[in-house]
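Quick note, the sequences are listed as chains Y and X, same order.
Following my numbering from start to finish, the first sequence increments by one per residue and tops out at 265.
Following my numbering from start to finish, the second sequence increments by one per residue and tops out at 1135.
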Amino acid sequence: MQEQIREWLEQGKIDIFLGYKMIQGHPLPYCFTKENPDDLNDLIVGKARYSLEKIATKIAAEHKELKIGLLTRDCNQRALNVLYIWNQLNPENIKTIGVNCCPSNLKEHGDCSYLEPELTPPVKKMIGIDNNMDVKIAEEFNQEERFNRWMYEFQKCIKCYGCRDICPVCFCKECSLEHTDLIATGGIPPEVPIFHLVRAVHMGGRCIDCGLCEDACPVDIPLRLLYRKVNQIMSDVFDYTTGTRADQSPFNMLGEEVTLKPKPI
Amino acid sequence: MDFKIIPSTCSYCGTGCGVLFQVMDGRLVDTMPMKTHPVNEGKLCIKGWNLHEHVVSDKRLKSPLIKKNGELQEVTWDEAIQVTADKFKSIINNHGPDSVGVLASAKITNEENYLAQKFARAVIGTNNVDHCARL
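The following block contains the structure:
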């Protein structure tokens, strides 16, 4: 793999390569360059999982012609697809090297270095929502109990905006979560549950089920489960599978005509 | 094009969360949590997520200011230190050293904080020392 990247860098197929390197005992994202090819000996592949494509998007926004290489898991690849179709990255400028990944509903066979799901504490199981729950099982609670359980999860929110900040497919210049007409800003706690539901709605046709938001949530809100449900609706109603399709989701609101079409029954 | 990820520690409070600074072309552009850090395990609060902002903020003071004739004016460090020392002296002479308190900052290093408390105890002569990370 190192040889392949070195070759790409030397031949000018890519200008930089985003991978991982051990720094101060931590596997951290690292930008490999042509100028320091020996760094590539330190390239590591492991459980480290950062949103390299988000970093690439940030770099590409300032250096439009730069050719970027990336180490990608399946979730990174799905995020890249979404970023391509929403014109945030130019596929011609991106080259990827795939590595093993963790399983997800959007990918049935995960040949993976699976990050063991964390054990859910008993109180959360009793009155909240188990993060490792399946969408179907989470829907089996009766309406009142389901509402109470989700509200228990949402009211823990400390409004760090971490779910948005870490999200590889959150790239909007103006974010609804900071729009004063939609959500009261400047106070804690946030407006519950509108804060989470606004974000959930925006994840329809965007969320690629990477789970980084849940990893970044300081209070363990089962965000991945919530967005899986939203995407299930996308798939059931509009026949749109996020991350694998080559066209923009039907929730594209740009343009003059309404293009929202339910899937044929 | 130059892009670096720099591991560091959040300076906002005493918890000490691990953060990663993203530096593009010599400019600090973003902060994200360090996932393998034993303290925060990949999570941050809203202050930590926006850590880069106090470094690059327009509101950041870059030179000392002294209020002259009711207006804040830029002055040299020599003048600022002289004025501060004179004022401290007159306050201590008139009201005693315990009329002064020192509040140290989380945005300076451990060693600088040590110097701040040493300054309070040995130079001013008071035990009125506290730190913003003790929130």
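Here a beta-carbon is modelled for each residue, glycine too, at the ideal position from N, C-alpha and C.
Original post:
Is there at least one Cβ from chain X nearer than 8 Å to residue 170 (chain Y)'s Cβ?
Top reply: In the first sequence, residue 170 (chain Y) corresponds to position 170, counting from 1. Not closer than 8 Å to any Cβ of chain X, the Cβ of residue 170 (chain Y) fails to qualify, so no.
Subject >> Cut-off 6 Å between Cβ atoms - residues of its own chain near residue 1029 (chain X), not counting five sequence neighbours on either side >> reply: Here residue 1029 (chain X) corresponds to residue number 29 of the second sequence, with the count starting at 1. Only 1022 meet the Cβ criterion.
Original post:
Distance, Cα to Cα, residue 221 (chain Y) vs residue 1074 (chain X)?
Top reply: Taking the first sequence and counting its residues from 1, the one referred to as residue 221 (chain Y) is at position 221. Taking the second sequence and counting its residues from 1, the one referred to as residue 1074 (chain X) is at position 74. If I take the Cα positions, the gap works out to 49 Å.
Original post:
Of all Cβ atoms in chain Y, is any one closer than 8 Å to the Cβ of residue 1045 (chain X)?
Top reply: Along the second sequence, one-based indexing puts residue 1045 (chain X) at 45. By this cut-off, residue 1045 (chain X) is an interface position.
**OP:** Would you list, in chain order, the members of the region 1020-1036 of chain X that have their beta-carbon closer than 8 Å to a beta-carbon of chain Y?
**Re:** Residues of the region 1020-1036 of chain X with a C-beta less than 8 Å from any C-beta of chain Y: 1020, 1022, 1024, 1025, 1029, 1030, 1032, 1033, 1034, 1035 and 1036, listed in chain order.
**OP:** Return helix, strand or coil for residue 135 (chain Y), following the three-state DSSP convention.
**Re:** Reading the first sequence from its first residue, position 135 is the one you call residue 135 (chain Y). Note: residue 135 (chain Y) maps to helix in three-state DSSP.
Subject >> Same chain, Cβ closer than 8 Å to residue 111 (chain Y), five either side skipped, listed in chain order >> reply: Residue 111 (chain Y) sits at position 111 when you count from the first residue of the first sequence. Caution applies to residue 111 (chain Y), whose pLDDT of 44 falls short of 50 and renders its modelled position unreliable; the model cannot decide the point.
**OP:** Show which residues of chain Y have a CB atom less than 8 Å away from the CB atom of residue 1004 (chain X).
**Re:** Numbered from its first residue, the second sequence carries residue 1004 (chain X) at position 4. Chain Y residues near residue 1004 (chain X): 31.
Subject >> Closer than 8 Å at the beta carbon, the chain X residues around residue 217 (chain Y) >> reply: By one-based count along the first sequence, residue 217 (chain Y) stands at place 217. Within 8 Å Cβ-Cβ: 1043.
Original post:
Cα-Cα, which of Y:159, Y:244, Y:23 and Y:162 is closest to residue 39 (chain Y)?
Top reply: On the first sequence, residue 39 (chain Y) is found 39 positions in, with the first residue counted as 1. If we check each option's Cα against that of residue 39 (chain Y), Y:23 comes out closest.
**OP:** Assuming residue 21 (chain Y) contacts residue 43 (chain Y) (C-beta within less than 8 Å), just tell me the rounded distance between them.
**Re:** In the first sequence, counting from the first residue as 1, residue 21 (chain Y) sits at position 21. In the first sequence, counting from the first residue as 1, residue 43 (chain Y) sits at position 43. Rounded, the Cβ-Cβ distance is 6 Å, consistent with contact.
**OP:** Pair every Cβ in the region 210-220 of chain Y with every Cβ in the region 185-195 of chain Y, then say whether three or more of these pairs are closer than 8 Å.
**Re:** At 8 Å Cβ cutoff, the stretches do not touch.
Subject >> Buried/exposed call for residue 1060 (chain X), threshold 16 Cβ in 10 Å >> reply: Locating residue 1060 (chain X) in the second sequence gives position 60, counting from the first residue. Residue 1060 (chain X) is exposed by the Cβ-count criterion.
Subject >> Contacting residues, own chain, Cβ-Cβ under 8 Å from residue 41 (chain Y) (five flanking each side not counted) >> reply: Counted from its first residue, the first sequence places residue 41 (chain Y) at position 41. Cβ within range, chain order: 2.
Subject >> Distance CB(residue 1012 (chain X))-CB(residue 1051 (chain X)) smaller than 8 Å >> reply: For the purposes of this step, residue 1012 (chain X) is identified with residue 12 of the second sequence, where counting begins at 1. For the purposes of this step, residue 1051 (chain X) is identified with residue 51 of the second sequence, where counting begins at 1. Closer than 8 Å, so yes.
Subject >> Contact set for residue 1025 (chain X): own chain, Cβ-Cβ below 6 Å, skip 5 residues either direction >> reply: Taking the second sequence and counting its residues from 1, the one referred to as residue 1025 (chain X) is at position 25. Result list for residue 1025 (chain X): 1002, in chain order.
Original post:
Is there a Cβ from chain Y that is less than 8 Å from the Cβ of residue 1007 (chain X)?
Top reply: Translated into positions along the second sequence, residue 1007 (chain X) becomes position 7. True, the Cβ-Cβ gap to chain Y drops below 8 Å.
Subject >> Residues near residue 182 (chain Y) in its chain [Cβ-Cβ closer than 7 Å; skip 5 each side] >> reply: Taking the first residue of the first sequence as position 1, residue 182 (chain Y) is located at position 182. Closer than 7 Å at the Cβ level, and outside the excluded window around residue 182 (chain Y), lie 176 and 198.
Subject >> DSSP three-state assignment for residue 220 (chain Y), whether helix, strand or coil >> reply: Working through the first sequence from its first residue, we reach residue 220 (chain Y) at position 220. Residue state, collapsed to three classes: coil.
Subject >> Selection of the region 41-63 of chain Y by Cβ proximity to chain X, strictly under 8 Å >> reply: Answer set for the region 41-63 of chain Y: 48, 49, 50, 55, 58, 59, 62 and 63.
Original post:
How do the region 226-237 of chain Y and the region 1035-1051 of chain X stand: do at least 3 beta-carbon pairs fall below 8 Å, yes or no?
Top reply: no
**OP:** Give the single residue among X:1031, X:1130, X:1058 and X:1090 whose Cα lies nearest to the Cα of residue 1004 (chain X).
**Re:** Here residue 1004 (chain X) refers to the residue found at position 4 when the second sequence is read from its first residue. Answer by Cα proximity: X:1031.
Subject >> Contacts that residue 1049 (chain X) makes with chain Y (C-beta to C-beta distance below 7 Å) >> reply: Start at 1 with the first residue of the second sequence, and residue 1049 (chain X) comes out as number 49. Under the 7 Å cutoff, chain Y gives 160, 161, 162 and 165.
Original post:
Is residue 113 (chain Y) helix, strand or coil by DSSP?
Top reply: Residue 113 (chain Y) sits at position 113 when you count from the first residue of the first sequence. Per-residue confidence for residue 113 (chain Y) stands at a pLDDT of 37, beneath the threshold of 50, marking its modelled position as unreliable; the derived number appears in the next sentence. If DSSP states are grouped into helix, strand and coil, residue 113 (chain Y) belongs with coil.
Original post:
Between residue 247 (chain Y) and residue 92 (chain Y), what straight-line distance do the alpha-carbon atoms span, to the nearest angstrom?
Top reply: Taking the first residue of the first sequence as position 1, residue 247 (chain Y) is located at position 247. Taking the first residue of the first sequence as position 1, residue 92 (chain Y) is located at position 92. Using only the alpha carbons, I get a separation of about 17 Å.
**OP:** Quick one: list the residues of chain X neighbouring residue 15 (chain Y), beta-carbon separation under 9 Å, in chain order.
**Re:** For the purposes of this step, residue 15 (chain Y) is taken as the residue at position 15 of the first sequence. Result: 1001.
Original post:
Within this structure, are the beta carbons of residue 242 (chain Y) and residue 82 (chain Y) separated by less than 8 Å?
Top reply: Against the first sequence, residue 242 (chain Y) aligns to sequence position 242. Against the first sequence, residue 82 (chain Y) aligns to sequence position 82. Yes, these two residues count as a Cβ contact at 8 Å.
Original post:
Would residue 24 (chain Y) count as contacting chain X if we go by Cβ distances under 8 Å?
Top reply: Here residue 24 (chain Y) is taken as the residue at index 24 of the first sequence, counted from 1. Residue 24 (chain Y) counts as touching chain X.
Original post:
Would a check of beta-carbon distances place residue 112 (chain Y) closer than 8 Å to chain X?
Top reply: Counting from 1 along the first sequence, the entry for residue 112 (chain Y) is found at position 112. At residue 112 (chain Y), the pLDDT of 44 sits below 50, so the modelled position is not reliable; the number obtained from the coordinates is stated separately. Output row for residue 112 (chain Y): interface = no.
Subject >> Coarse secondary structure for residue 31 (chain Y), derived from DSSP in three states >> reply: One-based indexing of the first sequence puts residue 31 (chain Y) at position 31. Looking at residue 31 (chain Y) - three-state DSSP - the assignment turns out to be strand.
**OP:** Determine the burial state of residue 217 (chain Y): buried for a count of at least 16 other Cβ atoms within 10 Å of its Cβ, exposed for fewer.
**Re:** Numbered from 1 along the first sequence, position 217 holds the residue referred to as residue 217 (chain Y). By the neighbour-count rule (16 or more Cβ atoms within 10 Å), residue 217 (chain Y) is buried.
Subject >> Residue(s) in a DSSP beta bridge with residue 225 (chain Y) >> reply: Here residue 225 (chain Y) refers to the residue found at position 225 of the first sequence. Answer by DSSP bridge pairing: none, since residue 225 (chain Y) is not bridged.
Subject >> Segments of 4+ residues assigned as alpha helix (DSSP H) that fall wholly inside the region 161-242 of chain Y >> reply: 162-166, 194-203, 212-216 and 223-238
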